[in-house]
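Heads up, the thing below is written out as structure tokens.
2 protein chains.
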Amino acid sequence: MSDADPLVVFTPSGKRGHFAKGTPILTAARQLGVDLDSVCGGRGICSKCQITPSYGEFPKHGVSVAKDALSEWNAVEQRYDDKRGLKPGRRLGCQAQIMNDVVIDVPPESQLHKQVVRKAASARAIIMDPATRLYFVEVDEPDMHTPTGDLERLARALSEQWEIPAIRADLTLISKLQPTLRKGKFQVTVALHKSHKDEAARVLEIWPGLHEAGLYGLAIDLGSTTIAAHLTDLETGVVVASSGIMNPQIRFGEDLMSRVSYSMMNPGGDKEMTAAVREALNTLAAEIAVEAEIDADLIVETVFVCNPVMHHLLLGIDPFELGQAPFALATSSSISMAAHELDLTSINPRARTYILPCIAGHVGADAAAVALSEEPGKSDDLVLIIDVGTNAEILLGDKSGVLACSSPTGPAFEGAQISAGQRAAPGAIEAIRIDPTSKEPRFRVIGCDLWSDEEGFDEATESTGITGICGSGIIEAVAEMRMSGLLDENGLIGSAAQTGTSRAIPEGRTHAYLIHDASAEGGPRITVTQGDIRAIQLAKSALYAGARLLMDERGVDNVDRIVLAGAFGAHISSLHAMVLGMIPDAPLDKVSSAGNAAGTGARIALCNVAARAEIEKTVGEITKIETAIAPKFQDHFVAANAIPHKTDPFPELHKIVTLPNPNFNAGGRDGGEGGRRRRRKRSEA
Amino acid sequence: MSDADPLVVFTPSGKRGHFAKGTPILTAARQLGVDLDSVCGGRGICSKCQITPSYGEFPKHGVSVAKDALSEWNAVEQRYDDKRGLKPGRRLGCQAQIMNDVVIDVPPESQLHKQVVRKAASARAIIMDPATRLYFVEVDEPDMHTPTGDLERLARALSEQWEIPAIRADLTLISKLQPTLRKGKFQVTVALHKSHKDEAARVLEIWPGLHEAGLYGLAIDLGSTTIAAHLTDLETGVVVASSGIMNPQIRFGEDLMSRVSYSMMNPGGDKEMTAAVREALNTLAAEIAVEAEIDADLIVETVFVCNPVMHHLLLGIDPFELGQAPFALATSSSISMAAHELDLTSINPRARTYILPCIAGHVGADAAAVALSEEPGKSDDLVLIIDVGTNAEILLGDKSGVLACSSPTGPAFEGAQISAGQRAAPGAIEAIRIDPTSKEPRFRVIGCDLWSDEEGFDEATESTGITGICGSGIIEAVAEMRMSGLLDENGLIGSAAQTGTSRAIPEGRTHAYLIHDASAEGGPRITVTQGDIRAIQLAKSALYAGARLLMDERGVDNVDRIVLAGAFGAHISSLHAMVLGMIPDAPLDKVSSAGNAAGTGARIALCNVAARAEIEKTVGEITKIETAIAPKFQDHFVAANAIPHKTDPFPELHKIVTLPNPNFNAGGRDGGEGGRRRRRKRSEA
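Chains as they are written, first to last, in my numbering: chain A, 1 to 685; chain B, 686 to 1370.
And the structure:
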């Protein structure tokens, strides 16, 4: 390359260099380290390397581009255009050759390390760099005079054509190698898994010719109560389907400790629970493949995040030790292994599994995933991150250091152990307001954007009905009951005489608040009982005590901002959470939602292999606080039981008829989108 | 260490150094790189580090050793001596401390890299350096304030106490980690497998406390007709049990090509054959463990050698491509994997398997094992190595290079396809002499050292009977028939009239030679038929043609020496093999037997991990000759069909009444033991 050769400038990277006439754009891009995709390695068949040449004057780049800057449209491009169609102005980077100075734009979809569009609330973008990628390769035919095996010739081809230093393959792959190579006339596409730990890349799958049906991974958030999976396109990062099911282990115990007890009390109980969750995972994976209309064999990776007890039960390890001090994990490191070791048989038989590292005996891979997603260790201000679930993961920190703990909140926040509780599904009450004067409720159910006092609500909810109350609904209900004077500081529901409303109805020796009564039509009667209040009080006290414990450790009484995460963290009203005393006080605009941050962490680890090394390092730097042995935790827990007397701090809130929910301002570092956004419909989230 | 400190001299290594008073012998040995074993790491419980101090004057070493050279016999040694007994003069190297100048002898059994005593006929010694070893380790107890997992603390202990940089473990191991650590009060013994390919050592097994029941490996020679296994103590290298069974694939075809055909003709036929051989291996492994009275879970490694078709069928790969040019192997490299991938479930569930590399489509891991055992590439003179079996592996070479080919001899040499043929087992005729004048035979059967014309033969063979004729027997029979004039050059058996003996009996349109007739008592009638002669002619022609082809390639008409190998190679009479024309002519004292060289190669790879890297390198340097496409092979094959007219070249041979068999002089490089040796009893070899 000399200065006399044509200059090529790539946008948006700005990378530039001189290349001899006739150099293909793809070759120039590779030499300059420009991020331009290619699966077929420049053979004009995969079309991943599409680029757009720009013509005219480019003073910014100091280039003038003439019409003959590139070689003429060729037969390969014409054939591809006829067959699949190329967007106007596009060329194939492997075919178009540099003839003169030129400016080349690499469109986002042609970038190998594409950035995945994330929901605005999310803290960080995902850069595509998955462990598993497709490679098209031409393999030498066998030759009696140099009698190497087919696998060895495939390895050589990958080394020569893709600079893959070494490969390995399971027997099941080797056993299909010979027929596949011959079917593809020694041109094949392989799915190669490059772990961040092993040098040798693993051949997960092989197809004759160019494989165009894609490649997928599953990011799985394995919770105590629910299992959520996101089927992700490993080339684009797009989530093509999401699905969730209840964790079948619930029948062995609703919370973690009751499952540990089940295992202690019943010989082989851990094996039962392991088998149950693995079976559910197979069902979930098969269903999600059907939903996305893909062959389940195209799912070649899974990433799991889960708490330590789920982690051990998934792996087939008795969680016995997690039930008693010192809460020793069998293993705390990340785990990379074959998915079939977890009996995941409904996906590709050679699929790989990655499980994020655990932080401590009570702070699991889910907390690590939240740390990966929310990056408290990179925050300038002090951030408190609360991942709400049956077990809450709590992180507090900034650039100077991060503390973590977990808190056993129980399943009340997820609608379990609540008299009219149900999981977040169409028909569930998810938001509620109680008029401070009339004590009359109005509410909204999942599947309908109208409030119950708005016109058309009955018609709109006819199909779903009003079936119960979910986690975010019960939190709002309790907070609203307190704000409207239905509840005293200790959490006692007043009688009709005390509160002046006939909705306060006697129930045994206590009272309940009637939200909705369809019993006349054979429908449900939805109340908040004294027992429900107690369950929420216990849960919120545990959550608050955990957060306070970390603040004590850090020596602070306030935090700069709070992030609510968790499968339903996105749906919790920050105001109501604060009224209830779930979270420490903070300016309302400093409370944001990260959605399912653990699930997002799983997606990041699925789509970006470097993130795996990153979180493994990060986890080692987090200081773990064990709530179970901290005397202060008990103090905070007891103190947090009350629901302090407060006047409504935001009276204007009750004037807004259609309240956006979540009603936070996104306060993350990606700029904060003030104002309201239309909430997404929630179905099986 | 200064010169003023006491001097310690280790024998036999001669390594020496000065050490501060009070330094334990084991510590000094480690610092000097002296080969002194220890499993417990110097805690006085494993007794592997026993040494013998020498007292008095040692002018050779320039040392005078006083009685107080070592610290006094201590309580740990006394306890061990009381419990297990120490040989007189022995001390524990971890307990005895250097107090003054001393000479320390490390007895062979205390050497970590012990040399295994080999049979005199074998070409090379085995230095113990197995991939899997025991390590006793003390693990930190869990601590809530540094909440690492048990596996991570085990890894740290192995790193600190044994300098193991990294470990990995299967889920099945991790799931037993916590109870085992607690049962052993955080003192455990682990079996660690250090592959020559992976940096991380793999934890194969864990036991509470010090594990003293040993560790074993299986070296398996997987032949087309028989499967032989040697159960080897991985600490001492001693073969504690050997066992063999017929390869059950025989029912799908006697030779390799008929099995390939079976697979081609029957969809799923390869799967049937794979299942059959894997089941047989499980049976064999279970039986051998019972025979050796060990727990089969103590078998943590297996090494396989086999020809390419057996290799593919073992691995579950359809051998289709091996049945047609260009005879492409699915994979030619060595394979390191979990034994359970081969469905080997009767041994330790985490046992590892190593399969030697294949050389070419027709030259397999068995040939590689012969090369590892016999080392033709290190030979000063030109050596021809013939591994006789259903498929013969032939190597020719010296330091300047090695050639290899295989030749499809068929199963006749193993007694199959022979009218009275049987495998080598008690009762089989294994040696025969025919008087050139009277044409009367005398023979010997396996299980009895007497010849049939010696006194007491009938009584001695009463229990076994005389049941048939095995491979070495049929070779001798045909050669003796030729030498005694019963057979002409073309291999035709003469009639009674032509040969002058009533033992030449008509059979159809040809004749047979009657060796033994017990039909009057309901026993067998053992003859050599014209069909048997033809089968042996085909087999020996194939063998000879392969050897000649390599000699042509090398441009020689003679070789310096010949090594006969193979499961029954040790039992073939070199003289008769040469008379028959199985092997090229050579001085009789230059023909030696290597016994089962392939099996020995498997044992070497089992006991010495560096040998695996060595053979992988060697295999790449061997030049492969494909017999199937060499026109000259056909020429040689046809030319070799005759049994040339020869006068008995060694008439004195027939005068010896009790002839040692094998009757060769060991001509290997280890010095050649001239004269006779008593042959070992052969049972199920």
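Built from N, CA and C at the ideal position, the CB exists for glycine as well.
Quiz item: When the Cα of G778/B is compared with those of C731/B, T1030/B, T987/B and V1294/B, which residue comes out closest?
Solution: Comparing alpha-carbon positions, the option among C731/B, T1030/B, T987/B and V1294/B lying closest to G778/B turns out to be C731/B.
Exercise. At 7 Å on the CB atoms, spell out the chain A contacts of T833/B, in chain order.
Key: Near T833/B (Cβ distances below 7 Å), the residues of chain A are S332.
Quiz prompt | Neighbouring residues, chain B, relative to Q178/A (Cβ below 8 Å) | solution = Correct list: I1002, D1003, F1005, E1006, A1013 and A1015.
Self-check item: 8 Å Cβ cutoff, G1046/B in contact with chain A
Solution: Yes, G1046/B lies at the interface with chain A (some Cβ there is under 8 Å from its Cβ).
Practice problem: Please name the residue, chosen from G1266/B, S1187/B, S1091/B and I1307/B, that lies closest to A1315/B on a Cα-to-Cα basis. | Solution: The shortest Cα separation from A1315/B among G1266/B, S1187/B, S1091/B and I1307/B belongs to S1091/B.
Self-check item: Which of helix, strand or coil DSSP assigns to L659/A
Solution: Because the pLDDT at L659/A is just 33, under 50, the model does not fix this residue reliably, and the value given afterwards should be weighed accordingly. Shown here, L659/A sits in coil according to DSSP, grouped into three states, outside any helix or strand.
Quiz item: So is N558/A buried or exposed if we call it buried at 16+ other beta carbons inside 10 Å?
Solution: Counting C-beta atoms within 10 angstroms of its own C-beta, N558/A has fewer than 16 neighbours from the protein chains shown and is therefore classed as exposed.
Quiz prompt | S110/A versus A96/A, V102/A, V39/A and S334/A, residue with shortest Cα-Cα distance | solution = Residue nearest to S110/A within the set A96/A, V102/A, V39/A and S334/A is V39/A (criterion: CA-CA distance).
Quiz prompt | Every unbroken alpha helix (DSSP H) within the stretch 127-208 of chain A, with a cutoff of 4 residues, ordered by chain | solution = Here the runs fully enclosed are 150-162 and 171-183.
Practice problem: State yes or no: is the beta carbon of I859/B nearer than 8 Å to at least one beta carbon in chain A? | Solution: Output row for I859/B: interface = yes.
Practice problem: Report buried or exposed for Q78/A, applying the criterion of at least 16 other Cβ atoms within 10 angstroms of its Cβ. | Solution: So Q78/A ends up on the exposed side.
Practice problem: With 8 Å as the threshold, decide whether the Cβ of A325/A is near any Cβ in chain B. | Solution: Answer yes: the Cβ-Cβ gap between A325/A and chain B drops below 8 Å somewhere.
Self-check item: Supposed contact pair G471/A and G415/A - C-beta distance, whole angstroms, cut 8 Å
Solution: Yes, they are in contact, since the Cβ atoms of G415/A and G471/A sit about 5 Å apart, within 8 Å.
Quiz item: According to the Cβ coordinates, are I1190/B and G1158/B closer than 8 Å?
Solution: No. Outside cutoff.
Quiz prompt | First and last residue of the uninterrupted beta strand (DSSP E) at A1162/B | solution = No beta strand (DSSP E) contains A1162/B, which is instead part of the alpha helix (DSSP H) from G1156 to M1168.
Quiz item: Mapping DSSP to helix, strand and coil, what is V638/A?
Solution: The answer is helix: DSSP assigns V638/A an H, G or I state.
Quiz item: Applying a beta-carbon distance threshold of less than 7 Å, which residues of chain B neighbour P142/A?
Solution: Near P142/A (Cβ distances below 7 Å), the residues of chain B are P1011 and A1013.
Self-check item: C-beta atoms of Q735/B and N759/B nearer than 8 Å
Solution: Cβ distance not < 8 Å, so Q735/B and N759/B don't count as in contact.
Exercise. Decide if D1051/B is buried, meaning its Cβ has at least 16 other Cβ atoms within 10 Å, or exposed.
Key: Burial call: buried.
Quiz item: Count the other CB atoms within 10 Å of the CB of T146/A; is the residue buried (16 or more) or exposed (fewer)?
Solution: It is exposed - the Cβ of T146/A has fewer than 16 other Cβ atoms within 10 Å.
Quiz item: When the distance is taken between beta carbons, is S332/A closer than 8 Å to E837/B?
Solution: Yes, Cβ-Cβ distance for E837/B and S332/A is below 8 Å.
Quiz prompt | Local conformation of C991/B per DSSP, three classes | solution = Reduced to three states, the DSSP call for C991/B is strand.
Self-check item: Where E626/A meets chain B, residues with beta-carbon distance less than 7 Å
Solution: Simply M829.
Exercise. With DSSP as the reference, label C1292/B as helix, strand or coil.
Key: It is helical.
Practice problem: Could you please give me the residues that DSSP links to R534/A through a beta bridge? | Solution: In the DSSP secondary-structure assignment, R534/A is not bridged to any residue.
Quiz item: In chain order, what residues of the stretch 607-639 of chain A put their CB closer than 8 Å to some CB of chain B?
Solution: The stretch 607-639 of chain A vs chain B, Cβ under 8 Å: K624, E626 and I629.
Practice problem: Confirm, please, whether the CB-CB distance from G899/B to T987/B is below 8 Å. | Solution: No. Outside cutoff.
Quiz prompt | CB of A1089/B within 8 Å of CB of I1040/B, strictly | solution = Between A1089/B and I1040/B, the CB-CB gap reaches or exceeds 8 Å.
Quiz item: Near H695/A, what residues of its chain come up, given a Cβ to Cβ distance below 7 Å and the 5 sequence neighbours on each side ignored?
Solution: The structure shown has nothing for residue 695/A, since chain A only spans 1 to 685.
Quiz item: L919/B to I859/B, Cα distance in whole Å?
Solution: The alpha-carbon separation between L919/B and I859/B amounts to approximately 24 Å.
Quiz item: Is E160/A close to chain B, meaning its C-beta is less than 8 Å from at least one C-beta of that chain?
Solution: Residue-level contact by beta carbon fails for E160/A and chain B, as no gap is shorter than 8 Å.
Quiz prompt | Alpha carbon of Q187/A to alpha carbon of E321/A, nearest angstrom | solution = The straight-line gap separating the alpha-carbon atoms of Q187/A and E321/A is approximately 52 Å.
Quiz item: Would T172/A be called buried (16 or more neighbouring beta carbons within 10 Å of its own) or exposed?
Solution: With fewer than 16 Cβ atoms within 10 Å of its Cβ, T172/A is classed as exposed.
Self-check item: Beta carbon proximity, K681/A to chain B, threshold 8 Å
Solution: In this prediction, K681/A scores a pLDDT of 39, lower than 50, which makes its location untrustworthy; the coordinate-derived value is nonetheless stated afterwards. So no, K681/A is outside the interface.
Quiz prompt | Neighbour list for L171/A in chain B, Cβ cutoff strictly below 9 Å | solution = Listed along chain B, the residues sitting closer than 9 Å to L171/A by beta-carbon distance are L1000, G1001, I1002, I1020, M1022, E1026 and L1027.
Self-check item: DSSP three-state assignment for Y80/A, whether helix, strand or coil
Solution: Residue state, collapsed to three classes: helix.
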